[in-house]
Amino acid sequence: MALMITDECINCDVCEPECPNGAIYQGAEIYEINPNLCTECVGHFGNPQCQDVCPVACIPHDPTRVESHEQLYQKYLKITLVES
Ligand code: SF4
Ligand code: SF4
């Protein structure tokens, strides 16, 4: 499943450059994640990079966007093909 950023975000800017898919962006009030681009870092890293760096641990899984590892990998392939 994609990850989401909760309103506990303190806008520290640390996560945005860590995302290999460019899924994180500054929203109207806090940082947000584009679920169409978030692969939970599947295809790039073994674990979600944004979760690793967030100082307030406000990036949980989005329970409304459940995806299997295979689905996440297929999303990664699609994003990579679009970029190349
Ligand atoms: S889990 Fe990975 S792909 Fe998803 S927003 Fe975080 S850094 Fe980006
Ligand atoms: S690292 Fe966490 S607190 Fe900082 S901008 Fe990203 S989501 Fe917000």
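In case it helps, our numbering puts the sequence shown at residues 3 to 86. Backbone N, C-alpha and C define an ideal beta-carbon position, used for all residues, glycine too. Since the model is a prediction, treat every value here as computed from it, not as a measurement.
Exercise for the section: Taking 8 Å as the threshold, find out whether the region 38-45 comes into contact with the region 16-30 through three or more Cβ pairs. Expected result: The region 38-45, when compared against the region 16-30, does touch it at the 8 Å Cβ threshold.
Problem - Local conformation of Ile1 per DSSP, three classes - result: In the structure as shown, the chain begins at 3 and stops at 86. Residue 1 is therefore absent and cannot be evaluated.
Problem - Where the beta strand (DSSP E) containing Ile26 begins and where it ends - result: Its beta strand (DSSP E) spans residues Ile26 to Gln28.
Practice task
Could you check what DSSP says for His63 in three-state terms: helix, strand or coil?
Solution key: His63: strand per DSSP, three-state reduction.
Practice task
Could you pull out every residue in the same chain whose Cβ sits closer than 6 Å to the Cβ of Ile61, ignoring the five residues on either side in sequence?
Solution key: Around Ile61: Leu5, Ile7, Cys52 and Gln53.
Exercise for the section: Per DSSP, which residues does Glu5 bridge with? Please list them. Expected result: Before going on, a small fix: residue 5 reads as Leu here, not Glu. The partner list for Leu5 (beta bridge, DSSP) reads His63.
Handout entry: Cβ-Cβ distance between Pro57 and Cys14 below 8 Å
Key = Yes, these two residues count as a Cβ contact at 8 Å.
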